[in-house]
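K.L.:
Could you have a look at this structure, given as structure tokens, before my questions?
2 protein chains.
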Amino acid sequence: MSEEAMILDGSAKSKEIQDEISAEVEELKEEEGVVPKLSIIFVGDNPASASYIKLQQRICNKVGIESEVVDLPEEISQEDLLDELDKLNNDDEVNGILIQMPLPDHIDDDKVIRAINPDKDIDAFHPYNIGELVIDGDAYVPCTPEGVMELFDRYDIELRGKDVTVVGHSNIVGKPMALLLLNENATVSVCHIDTEDTASYTKESDIVIVAAGVPNLITADMVKEGAIVIDVGINEVDGEIVGDVDFEKVKEKAGAITPVPGGAGPMTIAMLLKDTLKSYKEMLNK
Amino acid sequence: MSEEAMILDGSAKSKEIQDEISAEVEELKEEEGVVPKLSIIFVGDNPASASYIKLQQRICNKVGIESEVVDLPEEISQEDLLDELDKLNNDDEVNGILIQMPLPDHIDDDKVIRAINPDKDIDAFHPYNIGELVIDGDAYVPCTPEGVMELFDRYDIELRGKDVTVVGHSNIVGKPMALLLLNENATVSVCHIDTEDTASYTKESDIVIVAAGVPNLITADMVKEGAIVIDVGINEVDGEIVGDVDFEKVKEKAGAITPVPGGAGPMTIAMLLKDTLKSYKEMLNK
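Residue numbers (the UniProt record's numbering), protein chains in the order written: chain A, 1 to 286; chain B, 1 to 286.
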């Protein structure tokens, strides 16, 4: 029987990053007299969104980044929403803008995404930022895959030439995750709901990254002995938060694994902070 | 012994598209009094580039699209090149702009690419257009992968749920090719120079697309019986143009295959025409 997998501790690494950011913000505050600021547009009152936003604000507060929530009514018109966004786009004190998804059905997401100032688009919704990712340019990257890459980096996990399967091909996780891995010269397969035999890919992979939103999708028989398993799923089952991986069984076989909660999630939030700080520094230099 | 592969005739399909475009241009010319125009920026005098540009111009001429080459000296400064580009960006008579690569070493490609008017960027060099591709939006797509998708479409080749391997991960072919396939819900693996065992991917694939620039890279033992093989490579060997696939042997095993020349190449040029026409129509509607 093999040893248990090493736990890739996203919470600890996130805290490490938060401490680094906190020190840098403190220093910049002394020099500049102002701190970075994140603005979150929140349309409606979805409780899950509300509690996630609270968490983001609490962590911003902890590291000294100012945060504000622009609360907008569910029934806001497309035009009024774009006007609110434009105010943030043009406000010199706002460094990062997040638009909490999902937006109400009567709002055209595509229009809103393309209206964010790319320089403040820290979650890389705008095509310009996502395009820079394809050509390996320097721009914002969606925070969740960015956090996974940061986790690889902080655990010194080499990617070049590794066989990696990404399960899920969403615009905000699966596709950008695949592009980031390709830019590091990993061999990348992307499986999804239409894939005939996902196990045939995951079984041969050195690294499996799952972002499908399906509890227990990845079972122990689907994973190679010693593989690294990154679980980006967040699902609520019987009042508990679980990922997409059968954690208890898979950790007996994998070489390293992220827990849920405490894995990819805290890394995502750390990247929000990091990118807000990055925008602040770039705006200072303009 | 199996039957020989069906030849996917890019030349014939390209001609079909050219005829369609020619008819549409003729009609638009009568209505509008002007024809679409493609401008090609050519820095220096690389003979391979010069002959490819001649070919493009000949085909533009055939379908009634106006083309011009902006010939610039090898030693042109970055600033002067950007000035020339800007003239085309702002010229209402120019619908499509191509920048012939490679550019001289003293020119910063990244700056030039980001300076093209995205509305005229028919080969999708600009991050904005490439980003639209990631989020499955409507914008220009690099012409070579676009041509491969058009070939699939015109041969009624279904992609959803198919296992596809793309060999090569360049910014202008491999990566956009993978994204286009993912947007059609194929399962996509991308192999490249750092891949440990490319054959382990290609052997299991329903479709193999190769854009590596290495003659005979894909041999018969690497291909599944009945697979579809698309050869995007263009290499000169002993004065002959060959692709990346060992065509004679692979065609005994594959179900369908593109020849080189006469496969992906003519489709690329057809897409240039199609996208120039698209830009012309969009500019009319502004």
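Virtual Cβ for every residue (Gly too), placed ideally from N, Cα, C.
#1: Could you give the C-beta distance for B/I41 and B/L98, rounded to a whole number, given that I count them as a contact under 8 Å?
#2: Skipping 5 residues on each side, what residues in its chain have a beta carbon closer than 7 Å to that of A/S14?
#3: Tell me which residues share the same chain as B/E93 and place their Cβ nearer than 6 Å to its Cβ, disregarding the 5 neighbours each side in the sequence.
#4: So, for A/E146: in the same chain, excluding its five sequence neighbours on each side, which residues have a beta-carbon less than 6 Å away from its beta-carbon?
#5: Quick check on the DSSP output: the alpha helix (DSSP H) that includes A/F152 runs from which residue to which?
#6: What span of residues does the beta strand (DSSP E) with A/F42 cover, start to end?
#7: Just checking my contact of A/L72 with A/V25 at CB under 8 Å: how many whole Å lie between their CB atoms?
#8: Identify the contact partners of B/N129 in chain A, using a Cβ-Cβ distance below 9 Å as the criterion.
#9: Of the residues that make up the region 186–205 of chain B, which ones have a beta carbon closer than 9 Å to any beta carbon in chain A?
#10: Beta-carbon of A/N171 versus every beta-carbon of chain B: anything under 8 Å?
#11: Taking beta-carbon pairs under 9 Å, can you tell me which members of the region 134–148 of chain A lie near chain B?
#12: Of all the residues that make up the region 154–165 of chain B, which are near chain A by a beta-carbon distance shorter than 8 Å?
#13: Cα separation between A/K62 and A/S22?
#14: Between which two residues does the alpha helix (DSSP H) harbouring A/D19 extend?
#15: Would A/K175 count as contacting chain B if we go by Cβ distances under 8 Å?
#16: Just to confirm, is the Cβ distance from B/L133 to B/L179 under 8 Å?
#17: Could you tell me which residues DSSP pairs with A/C191 in its beta bridges?
#18: Suppose you measure from the CA of B/G10 to the CA of A/A254; what does that come to, to the nearest Å?
#19: Output yes or no for whether 8 Å exceeds the beta carbon distance between A/T258 and A/L8.
#20: Give, in chain order, every residue of the region 34–65 of chain B whose Cβ lies closer than 9 Å to some Cβ of chain E.
#21: Near A/V214, what residues of its chain come up, given a Cβ to Cβ distance below 6 Å and the 5 sequence neighbours on each side ignored?
#22: By Cβ distance below 7 Å, which residues in the same chain neighbour A/D121 in space, the five residues on each side in sequence not counted?
#23: Quick check on the DSSP output: the beta strand (DSSP E) that includes B/N235 runs from which residue to which?
#24: Taking a Cβ distance cut-off of 9 Å, strictly less, list which residues of the region 93–116 of chain B are near chain A, in chain order.
#25: Am I right that B/S279 and B/N90 are in contact with their C-beta atoms under 8 Å? What's the rounded C-beta distance?
#26: Starting from B/L179, find everything on chain A with Cβ-Cβ shorter than 9 Å and list it in chain order.
#27: Identify the residues that DSSP records as bridge partners of A/E68: which are they?
#28: List the residues of chain A that B/L182 touches, going by C-beta distances under 9 Å, in chain order.
#29: Take B/D110 as the anchor and find which of B/D119, B/G161, B/E74 and B/P127 has the nearest alpha-carbon.
#30: Checking the sheet assignment: what are the DSSP bridge partners for B/L98?
#31: Applying the 10 Å Cβ sphere with the 16-neighbour rule, what's the burial state of A/S77?
#32: In whole angstroms, what separates the C-alpha of A/E225 from that of A/D163?
#33: Do the CB positions of A/L82 and A/V112 come within less than 8 Å of each other?
#34: Ignoring anything shorter than 4 residues or poking outside the region 220–257 of chain B, list the alpha helix (DSSP H) runs there in chain order.
#35: For the alpha helix (DSSP H) containing A/V112, name the first residue and the last one.
P.N.:
Quick answer:
#1: Beta-carbon to beta-carbon, B/I41 and B/L98 are separated by about 7 Å, close enough to satisfy the 8 Å threshold.
#2: For A/S14, where only same-chain residues beyond five positions count, the Cβ hits under 7 Å are P266, M267, I269 and A270.
#3: Cβ neighbours of B/E93 beyond the five flanking positions: K37.
#4: Closer than 6 Å at the Cβ level, and outside the excluded window around A/E146, lie M271.
#5: Counting along the chain, the unbroken alpha helix (DSSP H) around A/F152 starts and ends at C143 to R154.
#6: Counting along the chain, the unbroken beta strand (DSSP E) around A/F42 starts and ends at K37 to V43.
#7: In fact, because the Cβ distance is near 28 Å, the residues do not count as touching under 8 Å.
#8: What B/N129 touches in chain A: P127 and G131.
#9: Listed by position, the residues of the region 186–205 of chain B near chain A (Cβ gap below 9 Å) are A186, T187, V188, S189, V190, C191, H192, I193, D194, T195, E196, D197, T198, S200, Y201 and E204.
#10: By this cut-off, A/N171 is an interface position.
#11: Taking 9 Å as the Cβ-Cβ cut-off against chain B, the residues of the region 134–148 of chain A that qualify are V134, I135, D136, G137 and A139.
#12: Per Cβ criterion, the list reads R160, G161 and D163.
#13: Just so you know, the alpha carbons of A/K62 and A/S22 end up roughly 8 Å apart.
#14: For A/D19, the enclosing alpha helix (DSSP H) begins and ends at G10 to E32.
#15: Yes, A/K175 counts as interfacial toward chain B.
#16: Yes, the pair counts as a contact, with Cβ atoms nearer than the cut-off.
#17: Beta-bridge pairing links A/C191 to A/V167.
#18: A straight-line Cα-Cα distance of about 46 Å links B/G10 and A/A254.
#19: A Cβ-Cβ contact shorter than 8 Å links A/T258 with A/L8.
#20: No chain E is part of this structure, whose protein chains are labelled A and B.
#21: Leaving aside the five residues that flank A/V214 on each side, the residues in its chain whose CB is nearer than 6 Å to its CB run, in chain order, D244.
#22: The answer, listed in chain order, is I97, N129 and Y140.
#23: Run containing B/N235: N235 to V237, per the beta strand (DSSP E) assignment.
#24: For the region 93–116 of chain B, the set of residues with a beta-carbon nearer than 9 Å to any beta-carbon of chain A comprises D110, I113 and R114, in chain order.
#25: Between B/N90 and B/S279 the Cβ distance is about 14 Å, and since that is not below 8 Å, they are no contact.
#26: Within 9 Å Cβ-Cβ: V134, K175, A178 and L179.
#27: Residue pairing of A/E68 in beta bridges, as defined by DSSP: A/S39.
#28: The answer, in chain order, is H169, G174, K175, A178, V190 and H192.
#29: Ranking B/D119, B/G161, B/E74 and B/P127 by Cα distance to B/D110 puts B/P127 first.
#30: B/L98 is bridged to B/I40.
#31: Around the beta-carbon of A/S77, fewer than 16 other beta-carbon atoms lie within 10 Å, marking it exposed.
#32: Distance between the alpha carbons of A/E225 and A/D163: 14 Å.
#33: The Cβ atoms of A/L82 and A/V112 sit closer than 8 Å to each other.
#34: 247–250, all fully within the region 220–257 of chain B.
#35: D109 to A115 is the extent of the alpha helix (DSSP H) around A/V112.
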